[in-house]
Structures are given as C-alpha cells and as structure tokens.
Amino acid sequence: GEKGKNARGHLIVVEGLDRSGKTTQCHMLCEDIGGLDKEFKYIKFPDRTTATGQMINAYLQGNAEQSDQAIHLLFSANRWEAVQGILNDLRAGHTVVVDRYAFSGTVYSAAKDNPSMSLEWCWNPDIGLPKPDLVLFLDISSEDAAKRGGYGEERYEKQEMQAKVRALFKHLFSRLNDLNVKTINAGLPLQEVADQIWQAYKNLDEAGPLTEDLQVLS
Ligand code: TMP
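Structure (structure tokens):
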C-alpha cells in the first residue's frame, strides 16, 4: 500500500536464547523486507563496536571482570547510546529490526540470581527506550538449543543458565501485557520459523501506516 508521508517505520525486536537462530532469522526477515522495496535497518545488541560494546565483549569473552551490576548497566548504556539513531531511522520510515533488546538485558542479568538484582531492578534502566511494535520470541528448549552444534565459549553459554533465561523470558513477557509479543517455536525447521515470522510481519504491515508517535518501554 501507499505509505503516508508522515508514517514512521516499524520497530521489530527478535529475542530468544543463544542458538535459537535469531541472527539467521533477522537476516532472512531483512532480506524479505528489502524484497518489498522497503528500507530497513538491522541492529544487533550488544553492539560490540562502540566503547561500551568493547567492554562488554571483553567481559563476555572472559578477558575482563565486571560486577554484575556494572555489566548490566553497560548493556543498557549500549542500547541507550543507539536510541537517537533508531528514532531517526523510524522517523525516516525505515523498518528497524533489532536482534536482542531490553528483554535479553533483563533476563540474562536476572538469571544470575544476584539477591540485589530483582527482575524489577534489572528492567529499570531500560525504561524509556523506544517500545517495539512487535517482539518475536524465538522459543527453544535449552536441550534443543544445546544440540545445535553445542554452545560456544562465551560467558552465559551454559545449559543451566540458558534454562533459567528461558523461564525468565516467559515470566517477563507474561508480565508485560501491553506488549505485542509473538512466540514462535524455534525448534521447527528454519524455513517454517521464517514463514511464521514473515506472517507476523505481514500482519503488522497490513494494519496500515503508522502515524502515531512511538511509545516507550514503561
Ligand atoms: P549475542 O550472542 O547475541 O551477541 O549476545 C551475547 C550475550 O550477551 C548473550 O549470551 C546474551 C547476553 N546479553 C546480556 O546479558 N544482556 C544484554 O543486554 C544483551 C543484549 C545480551
């Protein structure tokens, strides 16, 4: 359909465990969006290229230590520093596809069971970030994820941690009831997952141009 001059782009977030196929699916989605002659932008968090991203990368690879609180806030800062760019793209009418976001930020930190970091505490620094129009949660059991060639070497890539993360994702999404979350069984074959993601995207796109302002996470 014709896009109104003031229509903003959609903000679409893809979430899931390590090895759930998120990055592959993001690329397939972007390719299909581009195939419709629409402009898109792909963003992955953590963005390891920035100053905060380099600190996060060193932590994830075991080359630096950080307190649980400090690394949590670095992950959040790594999103906050990207906000203006995201808003500019959305206002230019581009679809922005985001690979991990505040939801990963909250549940991976909460999964550490640090008694001073409740789920609420973990969510707080991301309050005010642009709110996605659609969250695609690629759900896979930690057993099935582990079977996909095994986890890598990074911090958090352990089955016990992943099982906690999965439970916390479900808990968090059940609490954020004004959020548009679509859970997709990521244990299905790649193309079936891609088809379901595309259907969810089409539903959003066919609902018409977005003229209202973007909301924020609360
Ligand atoms: P990646 O494998 O998608 O690059 O993510 C790296 C790891 O960082 C992954 O185990 C998930 C974790 N993570 C957090 O702990 N907090 C965050 O805010 C984000 C975006 C990722």
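If you use the UniProt record's numbering, the sequence shown corresponds to residues 2 to 219, in order.
In this text, a Cβ means the ideal position worked out from N, Cα and C, and glycines have one as well.
Cα-Cα separation, residue i to residue j
i, j, result
"Phe46", "Val98", "11 Å"
"Lys42", "Asn115", "35 Å"
"Gln200", "Glu121", "32 Å"
"Ala65", "Ile57", "9 Å"
"Gln216", "Ile72", "27 Å"
"Ile141", "Arg92", "34 Å"
"Asn178", "Pro126", "19 Å"
Top-ranked residue by Cα proximity to residue i, from the options
i, options, result
"Ala112", "Leu18, Gly63, Asp214", "Leu18"
"Ser219", "Arg176, Asp100, Val166, Asn89", "Arg176"
"Met162", "Ser143, Ser77, Leu173, Phe174", "Ser143"
Environment of residue i [buried if 16+ CB atoms lie within 10 Å]
i, result
"Val108", "buried"
"Ala208", "exposed"
"Leu150", "It is Gly, not Leu, that sits at residue 150 in the sequence shown. With fewer than 16 other Cβ atoms within 10 Å, it is exposed."
"Gly2", "Because Gly2 sits at a pLDDT of 43, beneath the cut-off of 50, its placement in the model cannot be relied upon, and the following sentence gives the value as read from the coordinates. Looking at its Cβ environment, which holds fewer than 16 other Cβ atoms inside 10 Å, Gly2 is exposed."
"Ala83", "buried"
"Asp214", "exposed"
Distance cut-off 8 Å: residue i Cβ against heavy atoms of the ligand PLP
i, result
"Glu66", "This structure lacks the ligand PLP; the ligands present are the ligand TMP."
Every unbroken alpha helix (DSSP H) within the stretch 62–93, with a cutoff of 4 residues, ordered by chain: At a cut-off of 4 residues, the continuous stretches assigned as alpha helix (DSSP H) that sit fully inside the stretch 62–93 are 69–81, 84–92.
Unbroken stretches of the beta strand (DSSP E), 3 residues or longer, contained in the stretch 138–186: 182–186
Sequence ranges, alpha helix (DSSP H) only - wholly within the stretch 106–139, length at least 4: 120–124
Segments of 4+ residues assigned as alpha helix (DSSP H) that fall wholly inside the stretch 31–65: Qualifying alpha helix (DSSP H) stretches, in chain order: 52–61.
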